[in-house]
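What follows is a set of notes on a single structure, which appears directly below.
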Amino acid sequence: MNTDVNFQISGILEASDDPSDYEEDSKHWLVFDKIDNLFVYGGGTLDGNGKIWWKNSCIKNKKRVRY
Numbered sequence: 419m420n421t422d423v424n425f426q427i428s429g430i431l432e433a434s435d436d437p438s439d440y441e442e443d444s445k446h447w448l449v450f451d452k453i454d455n456l457f458v459y460g461g462g463t464l465d466g467n468g469k470i471w472w473k474n475s476c477i478k479n480k481k482r483v484r485y
């Protein structure tokens with residue numbers, strides 16, 4: 419049975435800027451896994467807080483370990 423999964427973003431969905439919030443999974447802040455027919459819509463914004471994360475990435479900070 420194929421069922422559509424609809425995910426509506428009406429506001430701002432923002433990633434945390436605190437690394438301790440990602441202790442279980444340090445590579446992802448938002449995950450949709452094993453979903454067929456996923457539809458994301460709405461007038462909202464996905465904000466991954468990239469400026470903070472790129473500043474602290476292993477590419478910019480060679481002391482950080484790359485997984």
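Just add 418 to the spot in the sequence shown (first one is 1) and you have this note's numbering. Note that CB positions come from ideal geometry on N, CA and C, so glycine has one too.
(request) Taking 7 Å as the cut-off, decide whether the C-beta atoms of Gly-462 and Ser-434 are in contact. (result) Here residue 462 is taken as the residue at index 44 of the sequence shown, counted from 1. Here residue 434 is taken as the residue at index 16 of the sequence shown, counted from 1. No, Cβ-Cβ distance for Gly-462 and Ser-434 is not below 7 Å.
(message) Need the endpoints of the alpha helix (DSSP H) that Ile-470 sits in, please.
(response) The sequence position of residue 470 within the sequence shown is 52, counting from 1. 468-473 is the span of the alpha helix (DSSP H), which, as asked, contains Ile-470.
(request) Go through its chain and collect everything with a Cβ distance to Gln-426's Cβ below 7 Å, but skip five positions before and after it. (result) If you number the sequence shown from 1, residue 426 lands on position 8. Once the five neighbours on either side are set aside, the close Cβ partners of Gln-426 are Tyr-459 and Gly-460.
(request) Give the secondary structure of Asp-465 by DSSP, where H, G and I count as helix, E and B as strand, and everything else as coil. (result) For this step, residue 465 is matched to residue 47 along the sequence shown. Residue state for Asp-465 is assigned as strand, using DSSP reduced to three classes.
(request) Determine the closest residue to Asn-467 out of Thr-421, Ile-430, Asn-420 and Val-423, with distance taken between C-alpha atoms. (result) Mapped onto the sequence shown, residue 467 falls at position 49. Residue Ile-430 holds the alpha-carbon nearest to the alpha-carbon of Asn-467 among Thr-421, Ile-430, Asn-420 and Val-423.
(request) Name the two residues that bound the continuous beta strand (DSSP E) containing Tyr-389. (result) A question about residue 389 goes unanswered here, because the residues of the chain that appear run from 419 up to 485.
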